[in-house]
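Numbering (this note's numbering), first residue to last: -14 to 206. First up is the structure itself, then whatever we jot down about it.
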Ligand code: FES
Ligand code: FES
C-alpha cells in the first residue's frame, strides 16, 4: 500500500525529520553543498514545536466532512475513525499492516489505516467504506459482492471494497491480473478470493471466463 503525501502536515512531523536525516546521510557523501542546505533545514525542523505526547488538536476530513478532534499524536487513523468518530466500517483485524481489513482511501489511494497516524492524515481527503452507498442504495461494487456471494464473515469486505473502488476509479476496465494486483494487500481468511475477483470484474463489465475464476496454483507456489 502507498504512503500518502498529505499536503498540509502539521509542523514538527517526526517523519519529515527522519526523512531529512536519511537524505542528509546520503548527501554528505555525495555533495557538501546539498548537505549544508539539508542541515539548515534540519535546524529549522528542530526549532519547530514538538507535538504531544498529550492530546493535540487534529482536523480530519472524512467522507467530505471536517472533524476537529483532540488526539495524542500516537493515535492511528484507524483508531481515530473507529474510537473517536464512530466510523467502524474499516475493520481492525491484524493492526500491523498485513491483512488490509482497515483499508481506506487517502486522496483516492488505498492505505492501511492501522499503519497511518491520524496526525499525518491532516490535509488529506479520507474516504471510508461508509461513503460508498448513497442512503439505502448500495454502490455497484457493493451490489456485485452480494450478487456474487463474495463474502462470508465479512471482516475483510470493507477493505476489498475500498481497494476495488480505487482500482475502478483509475482503471474502469481492469484485467483479472489488474484486480489480483490491486487486491494483493487484502487477505480473506474465509477463502472468498475467486468470488471477489468475479464481483469486481462484473462491476467493470469485463467478461468472466471459466479460466478467470480458476485459482492459479502456480501463482501461489
Ligand atoms: S488491520 Fe490494518 S492491515 Fe490488518
Ligand atoms: S469473508 Fe471472512 S475474512 Fe473474508
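Yeah, the Cβ is synthetic: ideal placement off N, Cα and C, and Gly gets one too. Since the structure is predicted, the reported quantities are computational estimates derived from the model, not experimental observations.
Considered as a whole, the segment 58 to 137 harbours 125 to 132 as its complete alpha helix (DSSP H) runs of no fewer than 4 residues, in chain order.
Burial is judged here by how many other beta carbons sit within 10 angstroms of a residue's own beta carbon; residue 81 has fewer than 16 and is exposed. Secondary structure remark: continuous beta strand (DSSP E) runs of at least 3 residues inside the segment 12 to 62, in chain order: 41 to 47 and 50 to 56.
Scanning 114, 123, 150 and 21 for the CA closest to the CA of residue 72 turns up 114.
In the structure shown, residue -10 adopts coil according to DSSP, grouped into three states. The count of Cβ pairs closer than 8 Å, one atom from the segment 121 to 133 and one from the segment 175 to 184, reaches three, so the stretches are in contact. The C-beta of residue 121 has fewer than 16 other C-beta atoms within 10 Å across all chains shown, which makes the residue exposed. Here the residues close to ligand 1, judged by CB distance below 6 Å to any of its heavy atoms, are 77, 78, 79, 80, 82, 83, 84, 85, 86, 87, 97 and 99 in chain order. In the DSSP annotation of this structure, the continuous segment of the alpha helix (DSSP H) that includes residue 142 starts and ends at 142 to 155.
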